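Step one of this worksheet: look at the structure below.
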Amino acid sequence: MKGVGTKAIDVRWSLSLRRFAALVVWVCASAAPAFDPGCAMAQAPDHRLRVLMLFSNDSLLPANQLVSNSIKTSLEAGAPGRLEYFTEYLDMVRFPEAEQEARLVGFIREKYARTRFDTVFALGSQALDFAIKYQATLSWDAPVIYAGVREESLRAMKLPSNAGGIASRFDALTTLELALRLLPDTQHIAVVTGASNFDRAWEDVAHDKFKAYEKRLNLIYLSAMPMQDLLRELAHLPQHSVVIYLSVLEDGAGAQFYGTDSAGQVAAAANAPVFAVYDTLLGVGIVGGYMNTFEDMGEAAAKIALRVLAGERPDAASSRVLQTAYFVVDWRQLRRWGLSEANLPAGTTARFKDPSLWDLYRGQIIALIAVLLVQSLLIMGLLIQDRKRRRAVLEAKKGRDEVTHLARVAILGELSGALAHELNQPLTAILSNAQAAQRLLAKTPVDLDEVREILSDIGDDDKRAGEVINRLHALMKKGEANLRPLDLNGLAKDVLELARSELIERNVAVTTRFTPGLPDIRGDLVQLQQVLLNLIMNACEAMVGNADADRSFEISTARDGNGRQQLVVVDRGPGVSPELINRIFEPFMTTKTHGLGLGLSICRSIVTAHGGQLRVVNNPDRGASFIVSLPIHAGGQA
Ligand code: ADP
């Protein structure tokens, strides 16, 4: 079977009940003698539909296999009974002689004398010709369904009313246009055809269809040549050539070929891209063409057969519909000739395309993208959370700094009375020294040595007042923590200096036990001064109820066993009550009428921020000890 065509209509329909009833009646009426002639719906499982497939060519032609398989598949999907298949390969393309035809008729009549067919498929124009010519001789009353018959051949035939099917149009012209689209610089077209009647019919088609291009292009007809000569010719085509292979079933030397063989040899030898009209040739080396698929052809024919089985007239069921054709290319050949996919008409099917990574791992890729997406969302969420957290931490720190500063100012407020006194002392001394100096200057002779001494005292007093003011100023200041190496002993002395007049006023004695030669700690001077000042003030307040002589505390510095330094304030107050001792550092924990309960909590957060610890223990005899441990400055000696 060879020959065929293009545009088709999709003949999909469903078997209506009415049609199904008609089919049952038809099957009963046309059943073979082996059938029970009085069959009814109840006997449906026994119904057999006998289908004969009559092919023009021999059985090895790939197209025959494709069509017969497709017919079977489609029939089985829609037929109401069991199907029995019979096949005859007439091989009339190679053996067209009248004697052979007569022998075939005799053989088939004998062979099927007792078999009655329900449908005869005629596949190819010779098979159709044979079926309608001999249907009476062969006592075939079954409808004849044809496919694989070129539109032009059909037009030349006179079909009886029990014949119907699908016409094919293998479109050489649209195939040529595809070639020109892919190779716009083409100047020469080599048209390849063989020597069989079938091949020569193709040559006629080419002469007819390509006429429009004769002026524009150089058409080289390579027809009925011995294969060797043909291949030699094809190997030396001029530049900008394209080969259109139509059919070589027989060469000029009488050698017979299947289309796949001759097209394969042509494609291997030619120095230009080869295009063809049969989709069975894709894969042997041709670039592509405008093609029907043989699967489509089989499916369309089977659907017409089913409609006829259901009661439609064969000629009405078909009305010579044409098959749909497609642009089909071999992707490997596009690459071989450097042809751009962009020039292909829309909807072109590219076969033999290497599957892309996407085709191979679509599932995995989608899963990966989903995982990445979820991960990115999670990361984004975490980043947003983190930013919020940082902002909250910053704000909390700001708030804490504010409170710390306010607490410091509050303490200084408590000290202010004593500090005023502290400042008054040097100022009064300066005043009286200045008056004394004036008096000395009024005397003659002036005792200059005395005046010098007085002026030096004034200077010292002024320095003292300045220091008090500086210390106060530092503590009043608000600012960022400034970590630097600090001498703990010096720090404690400074604070005691600041609190000196307050301690005198409160009648509180201090003893110090500073361990000399301690390495520096690392800390913020103002904040640590605030801690110590707080502890000193608390100690004073704890001892308010003591007799005057009993008001004293001790400040000591030392190394602790863990490579840190300790600063301990030991008082002689009542100690911390058991119910308070575990909560004393919590904010707003106070036993004082006007207390805020913030001092110790601030002290602890300052010390903790320095990497240290603040804890309290009650002394064995009386009072409490507040112990500050601070890490040594990295550059200092432990
Ligand atoms: P405030 O002094 O405003 O009450 P603090 O946080 O400084 O806030 O102190 C909290 C509480 O801890 C005090 O009210 C007091 O009961 C107790 N306390 C602090 N220092 C001592 C001490 N040296 N001896 C006994 N109790 C103390």
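Just so it is clear: in the sequence shown, position 45 is 45 by the numbering used here, and no numbers are missing. Every residue gets a Cβ at the ideal spot worked out from N, C-alpha and C, and that includes glycine. Predicted, not measured: the structure shown is a model, and the values here were computed from it.
In the structure shown, residue 49 falls within a strand segment according to DSSP collapsed to helix, strand and coil.
Taking every protein chain shown into account, the CB of residue 143 has 16 or more other CB atoms within 10 angstroms, so this residue is buried. Taking every protein chain shown into account, the CB of residue 454 has 16 or more other CB atoms within 10 angstroms, so this residue is buried.
Boundaries of the alpha helix (DSSP H) harbouring residue 467: 448–476, taken from the DSSP string. At a cut-off of 7 Å, the beta-carbon of residue 592 counts as near ligand 1: some heavy atom of the ligand is closer than that. Secondary structure in the stretch 115–157: the beta strand (DSSP E) runs of 3 residues or longer, each lying completely within the stretch, are 119–123, 144–150 in chain order.
Under the three-state reduction of DSSP, residue 577 is assigned to coil, being neither helix nor strand. Following the DSSP letters along the chain, one finds residue 298 inside the alpha helix (DSSP H) bounded by residues 294–309. Take the alpha-carbon of residue 402 and the one of residue 476: they are about 12 Å apart. Under the 8 Å Cβ criterion, the stretch 412–423 does not count as touching the stretch 440–450, having fewer than three qualifying pairs.
If you draw a straight line from the Cα of residue 116 to the Cα of residue 59, it is about 23 Å long. In this model, residue 517 and residue 487 are separated by some 9 Å (Cα to Cα).
Nearest neighbour of residue 214 by Cα position, chosen from 508, 231, 187, turns out to be 187. Secondary structure at residue 90: coil, using DSSP grouped into helix, strand and coil.
Taking one beta carbon from each stretch, the stretch 463–475 and the stretch 506–516 have fewer than 3 pairs nearer than 8 Å; the two do not touch. In this structure, the straight-line span from the alpha carbon of residue 247 to that of residue 364 is close to 46 Å. The DSSP-derived three-state label of residue 490 is helix. Just so you know, the alpha carbons of residue 594 and residue 408 end up roughly 16 Å apart. Under the three-pair Cβ rule at 8 Å, the stretch 570–587 counts as touching the stretch 596–612. For the pair of segments examined, the stretch 45–54 was found not to touch the stretch 91–103: the number of CB pairs separated by less than 8 Å stays below three. The beta carbons of residue 175 and residue 278 sit about 10 Å from each other, so the pair does not count as a contact at 8 Å. When only Cα atoms are considered, residue 504 and residue 392 end up about 44 Å apart.
A direct Cα-to-Cα measurement between residue 53 and residue 147 gives close to 11 Å. Residue 55 counts as buried, since at least 16 other C-beta atoms from the protein chains shown sit within 10 angstroms of its C-beta.
Taking C-beta atoms under 8 Å as the contact rule, residue 344 and residue 327 qualify, at a distance of about 7 Å. By the Cβ criterion, the stretch 553–569 is in contact with the stretch 525–544, since at least three pairs of Cβ atoms, one from each stretch, lie closer than 8 Å.
Residue 400 and residue 572 have their C-alpha atoms spaced approximately 31 Å apart. Counting along the chain, residue 110 sits inside the alpha helix (DSSP H) bounded by residues 98–111. Secondary structure at residue 82: strand, using DSSP grouped into helix, strand and coil.
Within the model, the alpha-carbon separation for residue 91 versus residue 362 is close to 47 Å. If one requires a minimum length of 4 residues, the alpha helix (DSSP H) runs lying completely within the stretch 308–396 are 314–318, 331–336, in chain order.
The distance from the Cβ of residue 275 to that of residue 179 is about 5 Å, consistent with a contact at the 8 Å cut-off. Within the DSSP secondary-structure output, residue 256 pairs in a beta bridge with 250. Taking 8 Å as the upper bound for CB-CB distance, residue 75 and residue 83 are in contact here, some 6 Å apart. In this structure, residue 237 keeps its C-beta atom at 8 Å or more from the C-beta atom of residue 263.
Contact between the stretch 221–230 and the stretch 164–173 is absent: fewer than 3 CB-CB pairs across the two stretches fall below 8 Å.
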